[in-house]
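**Student:** Please see the structure below; I have some questions.
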Amino acid sequence: MKSAVVLLAFVAIAEGLIKIPLFRGMSARQVLEEKGLFEEYRRKFPYNPSAKFQPRVDQSLVPITFDPEVSRTMTYYGVIGIGTPPQFFKVLFDTGSSDLWIPSINCTSPACYDHAKFNSTASSTFQAGSKSFSISYGTGFMSGITGYDTIKISDIYVEHQIFGLSHFEAPFLEAVPWDGILGLALPGISVEGGTTVINNMWNQGKLPQDLFSIYLSSSVEGSMLILGGTDPLYFSGGINWVPVHGATGFWAIIIESITINGNTVACSGSCQAIVDSGTSLIVGPSKDINNINGWVGAYTDQFGNEAVVSCSNLNVMPDIVFNINGYSLSLPPSAYVMQSSTSQCKTGFESGSWILGEVFMRQFYTVFDIGNNMVGFAQAA
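Numbering (mature numbering (1 follows the signal peptide of the UniProt record, and there is no 0)), first residue to last: -16 to -1, 1 to 365.
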């Protein structure tokens, strides 16, 4: 609790913008490796980064899978308060989902033991909800009930916000550094069925503009979520605007092609991609990802599941260019190659449906314009 209060002290409001520092903490992989459980969990919870974006028959179930393959410090989270007086929680700000949930004090799962838990009886503004909810995992799930309370983000208070209180959590959630998730996608995919946090902030007149932006740093500190506008401190040049494609509820855009040295290597004839701060890597169909890895000189490791490159080759590897809405967004090797603590270098690509995750967003300051249904990209500072 004390650490959460200290983190919250760094939150500041500048020129009407609400700025929430994001911290890059230990990944689930590192936690599990320290406990000697990594290989066991990788077998039990296969990684499917596209699962939560696939059509669902039951709208109450949102697939989320365990992500063990990302680098050791690739998890971003910030701090919010819930209730009166506020109880503080570390949350993953996820543009790939629309709900807010945190552990309940009634959660008895081991995954809840080392995470902050919400005590509804300690909040004078809490109102119980009438709906239960469940989020599906690869093998296991998280379930609980809904409630309403005041959400504190920086010095802004969002009143009567629906959120989820977990009563049961799948075992692998014990390894994540955050307590819960705050979804920043559009309201159409909300499991809880209420108004999203960001929409409530706008409806209650708490934001100067109906948009938010994200800057992701490679450092432990320095990343920022900015609600209500953009901050030129975190990007250079202009913002390249791209219309959101379709009415999926996700931040989906069209990529016209992906090229290397002028040659189309992926996404030939265009493809739809989802911009997701809750996904670590750049994800695409196996054929396209294998082709990209081949063009940059990557080879499969001894386990057959990761694309490895020589760390000494970064200065001669090519840029990967994402052609989007007439703009050419260039991703250099320093952005798409990740070096582990063992000094082994791997490419930041994974097989699945197209997703532009943190590997892409660290290179490009990203703006999510709710009012105009647009996504903007600018060169990150």
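Where a beta carbon is used, it is the ideal one built from N, C-alpha and C, also for glycine.
Return the CA-CA distance between Ala159 and Ser207, expressed in angstroms with no decimal places.
**Tutor:** Sequence index remark: in the sequence shown, residue 159 carries index 175 (1-based). Sequence index remark: in the sequence shown, residue 207 carries index 223 (1-based). Distance between the alpha carbons of Ala159 and Ser207: 22 Å.
**Student:** DSSP three-state label for Leu209, please.
**Tutor:** Along the sequence shown, one-based indexing puts residue 209 at 225. Note: Leu209 maps to strand in three-state DSSP.
**Student:** On the CB-based measure, 16 or more other CB atoms within 10 Å of its CB, does Ser197 come out buried or exposed?
**Tutor:** Here the question's residue 197 lines up with position 213 in the sequence shown. Buried is the call here.
**Student:** Please name the residue in Asp133, Thr92 and Gly80 whose C-alpha comes closest to that of Ala106.
**Tutor:** By 1-based counting over the sequence shown, the position of residue 106 is 122. Among Asp133, Thr92 and Gly80, the Cα nearest to that of Ala106 is on Asp133.
**Student:** Within a Cβ cutoff of 7 Å, which residues of the same chain sit near Ser312, ignoring the five residues on either side of it in sequence?
**Tutor:** Counted from its first residue, the sequence shown places residue 312 at position 328. Excluding residues within five positions, the ones whose Cβ falls inside 7 Å are Val305.
**Student:** Alpha carbon to alpha carbon, how far is Asp78 from Gly262? Give it in angstroms, no decimals.
**Tutor:** Locating residue 262 in the sequence shown gives position 278, counting from the first residue. Locating residue 78 in the sequence shown gives position 94, counting from the first residue. A direct Cα-to-Cα measurement between Gly262 and Asp78 gives close to 5 Å.
**Student:** Going straight from the alpha carbon of Ala112 to that of Gly131, what length do you get?
**Tutor:** For this step, residue 112 is matched to residue 128 along the sequence shown. For this step, residue 131 is matched to residue 147 along the sequence shown. Answer to the nearest angstrom: the Cα atoms are 4 Å apart.
**Student:** If you count every other CB in all the chains shown that lies within 10 Å of the CB of Met58, and 16 or more means buried, which is it?
**Tutor:** Position 74 of the sequence shown, counted from the first residue, corresponds to residue 58. For Met58, the pLDDT reaches just 48, beneath the cut-off of 50, and the residue's location in the model is therefore unreliable, although a value from the coordinates is still provided. Under this definition Met58 is a buried residue.
**Student:** Measure from the alpha carbon of residue 373 to the alpha carbon of each residue in Val75, Leu1 and Thr350, then state which is nearest.
**Tutor:** Any question about residue 373 goes unanswered here, given that the chain covers just -16 to 365.
**Student:** The alpha helix (DSSP H) spanning Pro94 covers which residue range?
**Tutor:** Looking up residue 94 in the sequence shown gives position 110. Note, Pro94: alpha helix (DSSP H), Pro94 to Tyr97.
**Student:** Is there contact between the segment 211 to 228 and the segment 329 to 345, where contact requires at least three CB pairs shorter than 8 Å?
**Tutor:** The answer is no - the segment 329 to 345 does not touch the segment 211 to 228, with fewer than three Cβ pairs under 8 Å.
**Student:** Taking 9 Å as the threshold (C-beta atoms), are Asn184 and Val142 in contact?
**Tutor:** Position 158 of the sequence shown, counting from 1, holds the residue named residue 142. Position 200 of the sequence shown, counting from 1, holds the residue named residue 184. In contact: Val142 and Asn184 (Cβ atoms closer than 9 Å).
**Student:** Is it true that the CB of Ala169 sits closer than 9 Å to the CB of Trp235?
**Tutor:** The sequence position of residue 235 within the sequence shown is 251, counting from 1. The sequence position of residue 169 within the sequence shown is 185, counting from 1. Yes, the Cβ-Cβ distance between Trp235 and Ala169 is below 9 Å.
**Student:** Under the assumption that Leu217 contacts Ala95 (Cβ atoms under 8 Å), give the Cβ distance between them as a whole number of angstroms.
**Tutor:** Sequence index remark: in the sequence shown, residue 217 carries index 233 (1-based). Sequence index remark: in the sequence shown, residue 95 carries index 111 (1-based). Going by Cβ atoms, the distance from Leu217 to Ala95 rounds to 37 Å, so no, they are not a contact pair.
**Student:** How would you call Asn277, buried or exposed, if buried means at least 16 neighbouring beta carbons within 10 angstroms?
**Tutor:** Against the sequence shown, residue 277 aligns to sequence position 293. Label assigned to Asn277: buried.
**Student:** Between which two residues does the alpha helix (DSSP H) harbouring Tyr320 extend?
**Tutor:** In the sequence shown, residue 320 corresponds to position 336, counting from 1. Counting along the chain, the alpha helix (DSSP H) containing Tyr320 begins and ends at Pro317 to Tyr320.
**Student:** Quick one: grab the DSSP three-state call for Thr130.
**Tutor:** As a working mapping, residue 130 is identified with position 146 in the sequence shown. In the structure shown, Thr130 sits in a strand (DSSP, three-state: E or B).
**Student:** To the nearest angstrom, how far is it from the Cα of Gly253 to the Cα of Glu240?
**Tutor:** One-based indexing of the sequence shown puts residue 253 at position 269. One-based indexing of the sequence shown puts residue 240 at position 256. Looking at the two C-alpha atoms, the distance is approximately 6 Å.
**Student:** Do you know how far the Cα of Leu157 is from the Cα of Val267?
**Tutor:** Within the sequence shown, numbered from 1, the residue matching residue 267 stands at position 283. Within the sequence shown, numbered from 1, the residue matching residue 157 stands at position 173. Near 22 Å, if we compare the C-alpha coordinates of Leu157 and Val267.
**Student:** Assuming Ala100 and Phe125 form a contact by the criterion Cβ under 8 Å, report the distance between their Cβ atoms to the nearest whole angstrom.
**Tutor:** In the sequence shown, residue 100 corresponds to position 116, counting from 1. In the sequence shown, residue 125 corresponds to position 141, counting from 1. That pair is no contact at about 21 Å.
**Student:** Would you give the residue range spanned by the alpha helix (DSSP H) that Lys101 belongs to?
**Tutor:** As a first step, residue 101 is located in the sequence shown; it is residue number 117 there, counting from the start. Run containing Lys101: none; DSSP gives neither H nor E here.
**Student:** Do the CB positions of Gly233 and Gly310 come within less than 9 Å of each other?
**Tutor:** To locate residue 233, count along the sequence shown from 1; it is residue 249. To locate residue 310, count along the sequence shown from 1; it is residue 326. In this structure, Gly310 does not lie closer than 9 Å to Gly233 by Cβ.
**Student:** Going by beta carbon distance, what residues of the same chain come within less than 8 Å of His229, once the five residues before and after it are set aside?
**Tutor:** Translated into positions along the sequence shown, residue 229 becomes position 245. These residues qualify, in order along the chain: Ala236, Ile237, Ile238 and Gln256.
**Student:** Taking 9 Å as the threshold (C-beta atoms), are Val280 and Met345 in contact?
**Tutor:** As a first step, residue 345 is located in the sequence shown; it is residue number 361 there, counting from the start. As a first step, residue 280 is located in the sequence shown; it is residue number 296 there, counting from the start. Not in contact: Met345 and Val280 (Cβ atoms no closer than 9 Å).
**Student:** What number of angstroms, rounded off, separates the C-alpha of Leu149 from the C-alpha of Asn275?
**Tutor:** By one-based count along the sequence shown, residue 149 stands at place 165. By one-based count along the sequence shown, residue 275 stands at place 291. If you take the alpha carbons of Leu149 and Asn275, they lie about 43 Å apart.
**Student:** How is the alpha helix (DSSP H) around Lys271 delimited, first residue to last?
**Tutor:** Against the sequence shown, residue 271 aligns to sequence position 287. From DSSP, the alpha helix (DSSP H) with Lys271 extends over Ser270 to Trp279.
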